[in-house]
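Asks: Take this structure first; my questions come after.
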Amino acid sequence: MSVLKAESLTKKVTSPEGMLTIVNDVSLDIAAGESVAIVGASGAGKSTLLALLAGLDSPTSGRVTLAGADLTALDEDGRARLRAERVGFVFQSFHLVPSLTALENVMLPLELAGRRDARAAAQETLGRVGLAQRTGHYPRQLSGGEQQRVALARAFVTRPAVLFADEPTGNLDTNTGEKIVSLLFDLNSQSLTTLVLVTHDRAVAARCGRLLQMDSGMLK
Amino acid sequence: MKALALAMRMLMREWKSGELGVLVLAITVAVSALTGVGFLVDRIGIAVDNQAGEVLAADVVLESGQVMDDKAVDEAKRRGLRTARKTGLFSVVFNGDASQLSSLRAVSAEYPLRGQVKLSDQPFGNPEFATGIPARGEVWPESRLAAALGANVGTQLNIGASTFRVSRILISRPDQGATFLELAPSLVMNEEDLPATDLIQPGSRLRRAQLFAGERSEIADFKKWLETNKKPNEEIEDVEDSAPQIKSAIDRSARFLRIASLVAVLLCAIAVAMAARRYVQRHLDSVALLKTLGATRGFVLTVSLSQLVVIGLSAAILGSLIGFVTQSWLVQLLSGWLRGDLPPPGLAPLGVGFLTAIAVLGGCALPPLLQLSRTPALRVLRRDVGPPPPMVILAFGPAVLAIAFLIWWVMRDVKVFAAFTVGLAAFVLVVAVAGWLLVKLTTRLRGGVGVSWRYGIANLGRRRTESIVQLSAFALGIMMLLVLTVVRNDLLGDWRRSLPADTPNFFFINIPSDESREFATFLEERGAEEVRVRPMVRARMTHINGKAVEDIQFETQRGRGFANRDQNITWSGELNRDNEITAGKWFSAEDAGKPLVSVSTEYFEELKLKLGDTLTFDVAGETQTAAVSSVRKVKWDSFQPNFFLIFAPGLLDGTQGTYMTAVHMDARNPKTIGDLVRRFPSVSVFNVDDLLAQVRSVIDKALAAVQSVFLFTLMAGLVVLIAAVQASRDERRYESAMLRTLGARRGTVLKGLLSEFAMLGVLSGTLAATGASIAGMYIARKVLQIPYEFDPWVWFYGLVGGGLLVCVAGWLATRSVVNQPPLLTLRGA
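For the record, the sequence lines run as chains A and B.
Just remember that my numbering sits 2 ahead of the position in the first sequence, which is counted from 1.
Just remember that my numbering sits 434 ahead of the position in the second sequence, which is counted from 1.
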């Protein structure tokens, strides 16, 4: 059953050199529980495609259906609500809120969804990523690997239908990167989440069920 | 509800992490400056009002020539005000064969409600404060009445059908006035004795007055009630009518304090705007993340707004407390300096402080916060994506509106309001253009300087908008402080000059024309310098442009007073130094004998006159018509003899007038005055030492206020500088870490930062000094009506002081940037 579907997705932007097509007529269909890696060189349009698929950006033309909802028909707030219910994110630069502790960062999406058990659920998830002892630390007091683990906990704590990951190991050394990736795939298999992952790390991509190669805005 | 609860939780978390410091500091200092100034102005205002009240012996006086009912008194009592009565009438007082026309003052037991009566054991003797009023059967004649009648303590005086014992000699009473309309010496008696004198007969000319005093706000309300409920024959007496000298000093200090608090408000507005800017910069990522995690725009907006409200409220409460404590401390500090204690402040400044905080927050912090909620979620993937640029009107409109509202609220004068807003707008424009030029120019300079300077200059150019915003904040902040310095110096100088030690304290009225020369010599022989006598005659206006004054509707009470009361007038070809012609021309030599009259601005405005209007007077029984040829601004607080009306020389020479003069004499030498009264029995002596002391006290209080308000605004100015520097601190931190990673030494980075601040400081200082000179001139001349003196020091303060201050503030704020290990910064980025 399809959980994420793109039809003729195109994104154009104006630049000093004229109109640039960053994503060019991309169509894809991802089934529930699948794990898909989008790979390609820098500037190939991977991250823009991810932004379009997750509803963070709107396409110039084309359509995205996520968990049965037509993203292109929703306004910004509508897309935000859908993200709150069905989507999780992991970023290259972690994006933790610097003024919140590890626990508070993980609680945040639950609180946004109005969950009363936010604290317990967040604590439990932080335990699953091995950070039960560091819940009161602020991001600046954590190492890069630990910060990304907090980010993973935050992404999985809502049990999302689809998890988008943008170069999740890009800011980490090889060793730490491998540990994070293992953790990501473990969590993914435990929660039966659909995983869409942008990376240029072949080893990471190889762990996914399907590989989509992107070049100059098009899927090959 | 969910958003609100989360907003509060996030606020608590941000507070714990120290994120909100600058914004809270800016608003706290803003409110403490405002409430501090407000409290001080309020306390000094109450003290000054009380002082003014002393001139009336009450806060409000209702007067009538007819029998008054108790309606106003009952109403006043219902409102918890204190009341008293006095009745004034003229009668001849006898001591055996000696007699003298006197002004009798029959007072009730509560008299006076404000100020104190001073008594002595002998005429012109050492004064003591009275307790209560004369007992029944006793009277207190004024020194010159006692001297004229040869009376002393114990003498029996006959008044009407009764006989009274002199129990004390009256030295002064608070409501003796300073307009010298009442020439007869006065005598204070108990009102219960009045009926027995049989002086109150049908048709006798009595002036009855009801006196009221109480809390400031209560009195203001009651005054409004009186205005609508008083009878046509009743008049409300004002301090303006009784003592224009005090009124003038009060007005000027009030205007300065208003300007000072306005400066504090504007400084705070800048600080809040800068702090809000930084808050927004630092929250762009968090908002993008919240949106990625599913927060809607409305949710983000609710979170930001509720945080703003809580921050605003708590900073306002904290600020009010600090403001209150600081002003109490200042008052203590100044206590040796103030004559008399200051009354405790009212609560009004709290409301004003809160309202201002709301206006400043709404105008200067709300627009950037609204903008924050428009940050796209996409920013989580692309750092360069920010909120779409707002429409100019939305970004600046509320701030402009809020500032315009505050200026209007504080100044309440169309002309001054227009000048302030236009001037401020012009200054901001000039500064922005200058900033843009600086950025342009410095980018060209880069090649020719060392690495530190190049880094500093490059920073200016790269952060173009930020640099222009910072420059504007610095320049505005420094300019306002300089303006206040200029105006304060002018005001202090003017006040010190206005009442020198030899200010006349004795006024002599009713000097017969044939004795005027002899009188002057008498005084000069006893140490008075350069005694100049002036003719003076009483006149009553009958027509304006041929229309009888009875048929003219005057809009103001004061205007009616001018038209219906006797005035002292004079004639002269010489213009007093404390008079300034504001319209028309002063009499030339050819004008001698022509029917021309020069009027004071008060007269001109209250009667709505135009140059060339003809005024007809009854001058000592003769009709005299004259055209208005000039308008004079009179400095009433100079204590020199001054007149509302001055006729052309020669015109009234034939009039049966008397002369007057004013000199400075040692009041502690009663013998001279006693001799004088015996030698020239018809001359009326007025000692204005009490009034002078009152005016000096008003000025002292105003001076204290001016100094302390200045301190508050200085504090606000410093916060602006800190807020302005803080605004770009995060970026600087990151850059400096990068530079140090690349091998730059700390000194190099620091020099680069300092060179950037030095340039911003010097340019903003120069612009500020220019702005301050122009604004200072306008405020001194047009708002405070004092002479403006160009002060070259402003340039020194502006350039060196401003440059240095910006450098120090910059260094303080960025010191940690340079000291922090680069790795820590880069990891946190």
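Built from N, CA and C at the ideal position, the CB exists for glycine as well.
Since the model is a prediction, treat every value here as computed from it, not as a measurement.
#1: Select from the region 90-114 of chain A all residues with a C-beta closer than 8 Å to any C-beta belonging to chain B, and list them in chain order.
#2: Flag alanine 86 of chain A as yes if its beta-carbon sits less than 7 Å from any beta-carbon of chain D, otherwise no.
#3: Residue ranges of each beta strand (DSSP E) run of no fewer than 3 residues wholly in the region 602-648 of chain B, ordered along the chain?
#4: Determine, for valine 15 of chain A, whether the minimum Cβ-Cβ distance to residues of chain B falls below 7 Å.
#5: Got a sec: which bits of the region 58-70 of chain A sit with their beta carbon under 7 Å from any beta carbon on chain B, in order along the chain?
#6: Closest to proline 619 of chain B by CA distance: which of B:Gly549, B:Gln534 and B:Leu547 is it?
#7: What residues in its chain sit with their C-beta under 8 Å from that of isoleucine 745 of chain B, if we drop five residues either side in the sequence?
#8: Does the distance from the C-beta atom of lysine 552 of chain B to that of proline 546 of chain B stay below 7 Å?
#9: With a Cβ-Cβ cutoff of 7 Å, do glycine 1237 of chain B and isoleucine 912 of chain B count as a contact?
#10: Quick one: complete beta strand (DSSP E) runs, 3+ long, within the region 28-99 of chain A?
#11: Note down, in chain order, every chain A residue with its Cβ under 9 Å from the Cβ of threonine 730 of chain B.
#12: Does DSSP classify isoleucine 1080 of chain B as helix, strand or coil?
#13: List, in order along the chain, the chain A residues whose C-beta lies closer than 8 Å to that of valine 699 of chain B?
#14: Give me the DSSP bridge partner(s) of glutamine 215 of chain A.
#15: Using a Cβ-Cβ cut-off of 6 Å (strictly less than) and excluding sequence neighbours within five positions of aspartate 27 of chain A, which residues of its own chain qualify?
#16: Can you tell me which residues form a DSSP beta bridge with alanine 1096 of chain B?
#17: According to DSSP, simplified to helix, strand and coil, what is glutamine 149 of chain A?
#18: In the DSSP output, which residue or residues are listed as bridge partners for glutamate 572 of chain B?
#19: Is valine 458 of chain B close to chain A, meaning its C-beta is less than 7 Å from at least one C-beta of that chain?
#20: So alanine 53 of chain A contacts chain B; which residues on that side make the cut at Cβ distance below 7 Å?
#21: Please name the residue or residues paired with glutamate 497 of chain B in a DSSP beta bridge.
#22: CA-CA distance, alanine 543 of chain B and lysine 511 of chain B?
#23: So, helix, strand or coil for arginine 972 of chain B, using DSSP?
#24: How would you list, in chain order, the residues of chain B whose beta-carbon sits under 9 Å from the beta-carbon of aspartate 168 of chain A?
#25: In chain A, what lies closer than 9 Å to aspartate 719 of chain B by C-beta?
#26: In angstroms, rounded to a whole number, what distance separates the CA positions of aspartate 503 of chain B and glutamate 668 of chain B?
#27: Given this structure, state the Cα-to-Cα distance separating arginine 773 of chain B from valine 1033 of chain B, to the nearest angstrom.
#28: Give the range of the alpha helix (DSSP H) segment to which phenylalanine 1191 of chain B is assigned.
#29: Give, in chain order, every residue of the region 31-51 of chain A whose Cβ lies closer than 7 Å to some Cβ of chain B.
#30: Residues in its own chain within less than 6 Å of leucine 696 of chain B by CB, not counting five upstream and five downstream?
#31: Whose CA, out of A:Gly45, A:Leu22, A:Leu55 and A:Ala8, lies closest to the CA of lysine 166 of chain A?
#32: At 7 Å on the CB atoms, spell out the chain A contacts of glutamate 448 of chain B, in chain order.
#33: Looking at C-alpha atoms only, which residue of B:Arg599, B:Asp1123 and B:Asn1010 is the closest neighbour of methionine 1099 of chain B?
#34: Could you give the first and the last residue of the continuous beta strand (DSSP E) run that contains threonine 790 of chain B?
#35: Taking 6 Å as the cut-off, is the CB of tyrosine 1222 of chain B close to at least one heavy atom of the ligand MG?
#36: Closer than 9 Å, Cβ to any Cβ of chain A: which residues of the region 791-811 of chain B, in chain order?
Replies: Taking the coordinates as given:
#1: Listed in chain order, the positions of the region 90-114 of chain A with a beta carbon within less than 8 Å of a beta carbon of chain B are Phe91, Phe93, His97, Val99, Pro100, Ser101, Leu102, Thr103, Glu106, Leu110, Pro111, Glu113 and Leu114.
#2: Annotation note: the requested chain D is absent from the structure, which comprises protein chains A and B.
#3: You should have 603-606, 620-624 and 640-647.
#4: The C-beta of valine 15 of chain A comes no closer than 7 Å to any C-beta of chain B.
#5: Taking 7 Å as the Cβ-Cβ cut-off against chain B, the residues of the region 58-70 of chain A that qualify are Leu58 and Asp59.
#6: The closest CA to that of proline 619 of chain B, considering only B:Gly549, B:Gln534 and B:Leu547, is found on B:Gln534.
#7: So the qualifying residues of the chain are Leu445, Leu454, Leu457, Val458 and Ile461.
#8: No, the pair does not count as a contact, with Cβ atoms beyond the cut-off.
#9: No, they are not a contact pair.
#10: List check, beta strand (DSSP E) in window: 37-42, 63-68 and 89-92.
#11: Neighbours of threonine 730 of chain B on chain A, chain order: Glu78, Asp79, Gly80, Ala82, Arg83 and Ala86.
#12: Secondary structure at isoleucine 1080 of chain B: strand, using DSSP grouped into helix, strand and coil.
#13: Chain-ordered listing is empty here: chain A has no CB closer than 8 Å to the CB of valine 699 of chain B, the nearest sitting near 30 Å.
#14: Its beta-bridge partners are A:Val41.
#15: Same-chain partners within the cutoff: Ser10 and Thr12.
#16: Per DSSP, the beta bridge partners of alanine 1096 of chain B are B:Phe941.
#17: Helix, per DSSP.
#18: Bridge partners of glutamate 572 of chain B: B:Arg599.
#19: No, because no Cβ of chain A sits closer than 7 Å to the Cβ of valine 458 of chain B.
#20: Neighbours of alanine 53 of chain A on chain B, chain order: Leu812 and Leu815.
#21: Here glutamate 497 of chain B is bridged, per DSSP, to B:Ala643 and B:Glu669.
#22: Using only the alpha carbons, I get a separation of about 16 Å.
#23: Three-state result, arginine 972 of chain B: strand.
#24: Result: Val814 and Leu815.
#25: Per Cβ cutoff of 9 Å: His97, Val99 and Pro100.
#26: Their backbone Cα atoms lie some 11 Å apart in a straight line.
#27: Bear in mind that the predicted position of arginine 773 of chain B carries a pLDDT of just 49, short of 50, making it unreliable; the figure below should be weighed with that in mind. The C-alpha of arginine 773 of chain B lies about 36 Å from the C-alpha of valine 1033 of chain B.
#28: 1180-1212 is the span of the alpha helix (DSSP H), which, as asked, contains phenylalanine 1191 of chain B.
#29: Listed in sequence order: Ser49.
#30: Only Val844 meet the Cβ criterion.
#31: Checking the displayed sequence, the identity of residue 166 of chain A turns out to be phenylalanine instead of lysine. Comparing Cα positions, the closest option is A:Leu55.
#32: Around glutamate 448 of chain B, the beta-carbon contacts reaching into chain A at under 7 Å are Ser101.
#33: For methionine 1099 of chain B, the closest alpha carbon among the candidates B:Arg599, B:Asp1123 and B:Asn1010 is that of B:Asp1123.
#34: Counting along the chain, threonine 790 of chain B falls outside any beta strand (DSSP E), though it belongs to the alpha helix (DSSP H) covering 782-794.
#35: As far as ligands go, the structure on display features none, and thus does not contain the ligand MG.
#36: Against chain A - using a Cβ distance shorter than 9 Å - the residues of the region 791-811 of chain B are Pro810 and Ala811.
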